[in-house]
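Have a look at the structure below before the remarks.
In our numbering, the protein residues as written are -5 to 200.
See below:
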């Protein structure tokens, strides 16, 4: 999460959407860069609206706008799967030796095993009391997101490649593909309603 005080803008770091590269590029411009621990770095919208947003308004006397990214849901899960194949990931959360089919099947299970318990973008971005993200861009439209930031922050931005997941096969059987779309139905619905301009869509009740 990055707070740009003078620009009245907050970047909320949806997991696995390039947030490490974005925060590294823009940390020096932020009055309050929150890059660790992960529970604070990846502050979801509801927690921001309940705790941080009101404090920023009280301290500054102004409302702050929020901006975030969302990744195509299948690609997002694939990034988690590949990320957890790294040797550095502890055994209980690692996906080494698994197929993407195994991972998706586990993600769709209830309860989820630890290695597949990676949350949901829709839950991360779901608003509290109707107040969601003001500007929500597709990760796949990263150029539009960067242009938005360049305009708001009045600077040129070049994003480095950091924290990139290792390569890996993301083939799925028809059964696993169906499970994925069922488990991520709300994520697919939200993603499909995003606009290239980053206009936040209306929300249905959870």
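Just so you know, even glycine gets a beta-carbon here, dropped at the ideal spot from N, CA and C.
- Is residue 166 helix, strand or coil when you go by DSSP? Residue state for residue 166 is assigned as coil, using DSSP reduced to three classes.
- Three-state secondary structure assigned by DSSP to residue 187: DSSP places residue 187 outside both helix and strand once states are collapsed to three, so it counts as coil.
- Task: With a 10 Å radius around its C-beta and 16 neighbouring C-beta atoms as the bar for buried, classify residue 115 as buried or exposed.
- Result: Taking all protein chains shown into account, residue 115 has 16 or more neighbouring C-beta atoms within 10 Å of its C-beta and is therefore buried.
- Item | Proximity to residue 55 [Cα-Cα], best of -1, 69, 65 | Nearest C-alpha to residue 55: -1.
- Mapping DSSP to helix, strand and coil, what is residue 28? Residue 28 falls in the coil class under three-state DSSP.
- Quick one: is residue 167 buried, meaning 16 or more other Cβ sit within 10 Å of its Cβ, or exposed? In this structure residue 167 is exposed. Its beta-carbon is surrounded by fewer than 16 other beta-carbon atoms within 10 angstroms.
- Give the single residue among 1, 88, 72, 129 whose Cα lies nearest to the Cα of residue 273. There is no way to answer for residue 273, as the model of the chain reaches only from -5 to 200.
- Item | Residue closest to residue 47, alpha-carbon to alpha-carbon, out of 121, 10, 83 | The shortest C-alpha separation from residue 47 is found at 121.
- Message: By the three-class DSSP mapping on this structure, what secondary structure does residue 92 have?
- Response: In this structure, residue 92 counts as coil in the three-state DSSP scheme.
- Query: Applying the criterion that 16 or more other CB atoms from any shown protein chain within 10 Å of the CB defines a buried residue, is residue 26 buried or exposed?
  - Reply: By the neighbour-count criterion, in which 16 or more other beta carbons inside 10 Å mark a residue as buried, residue 26 falls on the exposed side.
- Under 8 Å between the Cβ atoms of residue 88 and residue 101? No, they are not a contact pair.
- Identity of the residue in 63, 144, 194, 19 nearest residue 124 by Cα: The residue with the shortest Cα to Cα distance from residue 124 is 194.
- Where residue 161 falls, given that 16 or more other Cβ within 10 Å makes a residue buried: Within 10 angstroms of the beta-carbon of residue 161 lie fewer than 16 other beta-carbons, which makes it exposed.
- Query: Is residue 62 helix, strand or coil when you go by DSSP?
  - Reply: If DSSP states are grouped into helix, strand and coil, residue 62 belongs with the strands.
- Grouping DSSP H, G and I as helix and E and B as strand, with all else coil, what is residue 36? Reduced to three states, the DSSP call for residue 36 is coil.
- Item | residue 132 in three-state terms, based on DSSP | Strand, per DSSP.
- Task: Please classify residue 140: does DSSP put it in a helix, a strand, or coil?
- Result: In this structure, residue 140 counts as helix in the three-state DSSP scheme.
- Query: Where does residue 34 land, buried or exposed, given buried means 16+ other C-beta within 10 angstroms?
  - Reply: Looking at its Cβ environment, which holds fewer than 16 other Cβ atoms inside 10 Å, residue 34 is exposed.
- Task: Would you tell me roughly how many angstroms separate the C-alpha atoms of residue 10 and residue 92, rounded to the nearest one?
- Result: Each residue's CA atom was taken as its position, placing residue 10 and residue 92 some 20 Å apart.
- Task: Grab me the residues of residue 62's own chain with a C-beta within less than 6 Å of its C-beta, minus the 5 sequence neighbours each way, in chain order.
- Result: Around residue 62: 6, 8, 127, 130.
- Message: Which of the three DSSP states is assigned to residue 112 in this structure?
- Response: For residue 112, the secondary structure class from DSSP, reduced to helix, strand or coil, is coil.
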